[in-house]
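Numbering (the numbering used here), first residue to last: 40 to 169. Beta carbons are placed, not taken as given, at the ideal position from N, Cα and C, and that holds for glycine. A quick write-up on the structure given underneath.
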């Protein structure tokens with residue numbers, strides 16, 4: 040069996056992901072955002088999909104805290120590394136952040152990528168995948 044060993048980065052990442060959930064339950068978005076960023080970094084070593092998912096959570100928390108520029112950058116970086124539903128969530132987060140920053144042209148571009156992804160024409164994958 041391929042069970043992660045105590046002290047490994049994957050165990051650390053899973054613990055940090057649990058911490059994100061617990062911090063969200065206490066409404067501590069700042070600490071949750073930091074834990075999500077730390078979890079993404081810990082997952083980076085072995086699980087790119089989980090790393091990208093945690094990066095999207097980090098972006099969503101930045102959006103929640105009205106740090107729109109950080110949210111859009113983090114969401115677009117995550118979207119560049121993943122595909123499918125997680126990519127759509129990342130693109131939606133980025134579009135929301137662009138709208139909040141009063142940058143409708145950028146929001147439309149990102150929303151177009153999300154629509155292309157949903158329609159299955161592959162245009163949304165032009166930024167690449169991990």
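Inter-residue Cα distance where the pair is residue i and residue j
| i | j | result |
| --- | --- | --- |
| residue 116 | residue 156 | 16 Å |
| residue 61 | residue 110 | 21 Å |
| residue 66 | residue 100 | 11 Å |
| residue 159 | residue 135 | 22 Å |
| residue 139 | residue 133 | 10 Å |
| residue 42 | residue 85 | Per-residue confidence for residue 42 stands at a pLDDT of 47, beneath the threshold of 50, marking its modelled position as unreliable; no derived number is given. |
Within 8 Å, strictly: CB atoms of residue i and residue j
| i | j | result |
| --- | --- | --- |
| residue 94 | residue 48 | no |
| residue 74 | residue 59 | yes |
| residue 63 | residue 71 | yes |
| residue 149 | residue 137 | yes |
| residue 87 | residue 120 | yes |
| residue 152 | residue 130 | yes |
Residue i in three-state terms, based on DSSP
| i | result |
| --- | --- |
| residue 108 | helix |
| residue 103 | helix |
| residue 126 | helix |
Top-ranked residue by Cα proximity to residue i, from the options
| i | options | result |
| --- | --- | --- |
| residue 106 | 159, 145, 154 and 69 | 69 |
| residue 126 | 91, 137 and 97 | 91 |
| residue 89 | 97, 79 and 98 | 79 |
| residue 97 | 123, 114 and 83 | 114 |
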